[in-house]
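The structure appears right after this line, and notes come after that.
Residue numbers (this note's numbering): 6 to 194.
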């Protein structure tokens, strides 16, 4: 097993996956610029051969549902022992699913409670680009900063923001931020 790259945020992770083509990506959900959920969606869409293992402190049922639906094969809590993490990476690399024991319990309880583990559409028909813009707005970046981060024009960012507000029937930046928090697009902890 060899580590071929590290990244500080979700955007960098997706770029490094494109460049390095790793077998397995291990990442957190709570990452700046592009959260782990959206990064997982993009990686699985653009590089279906790359497997994703989420390593996080979040044992929230909503996160689990969303990340598994996005295509992650594994969900391991950060308090797992090193040997358990290595085993999880090997399991995911084989194309098999793996969950921390505490997560398995939550998934089973959720299934028994609802009888279905399919996630609801938590983004109300937003495009991947709109979700990225929404996360950056909620993280406090200005339109100009978002344009620089995403290599877009300020006008395009403004257009995405307008589309977000129209699709979600929201009227200002504060409502966008509140929506992002409620839908767990950003983590306020």
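Glycine is no exception: its CB is placed at the ideal position from the N, C-alpha and C atoms.
Less than 7 Å between the C-beta atoms of residue i and residue j, yes or no?
i, j, result
"residue 10", "residue 25", "yes"
"residue 143", "residue 191", "yes"
"residue 29", "residue 97", "yes"
"residue 22", "residue 52", "yes"
"residue 47", "residue 19", "yes"
"residue 95", "residue 76", "no"
"residue 111", "residue 66", "yes"
Return the CA-CA distance between residue i and residue j, expressed in angstroms with no decimal places.
i, j, result
"residue 173", "residue 61", "29 Å"
"residue 184", "residue 105", "29 Å"
"residue 147", "residue 78", "35 Å"
"residue 178", "residue 140", "12 Å"
"residue 134", "residue 99", "31 Å"
"residue 87", "residue 72", "22 Å"
"residue 138", "residue 44", "13 Å"
"residue 59", "residue 34", "7 Å"
"residue 103", "residue 166", "37 Å"
"residue 154", "residue 37", "11 Å"
"residue 64", "residue 170", "30 Å"
"residue 136", "residue 85", "30 Å"
"residue 145", "residue 189", "15 Å"
"residue 12", "residue 150", "20 Å"
"residue 69", "residue 161", "32 Å"
Determine the burial state of residue i: buried for a count of at least 16 other Cβ atoms within 10 Å of its Cβ, exposed for fewer.
i, result
"residue 176", "exposed"
"residue 27", "buried"
"residue 186", "exposed"
"residue 40", "buried"
"residue 6", "exposed"
"residue 113", "exposed"
"residue 107", "exposed"
"residue 56", "buried"
"residue 181", "buried"
"residue 91", "exposed"
"residue 129", "exposed"
For residue i, which beta-bridge partners are listed by DSSP?
i, result
"residue 32", "59"
"residue 104", "80"
Review point. What are the start and end residues of each continuous beta strand (DSSP E) run of 3 or more residues lying completely inside the segment 146 to 186, in chain order?
Key: none
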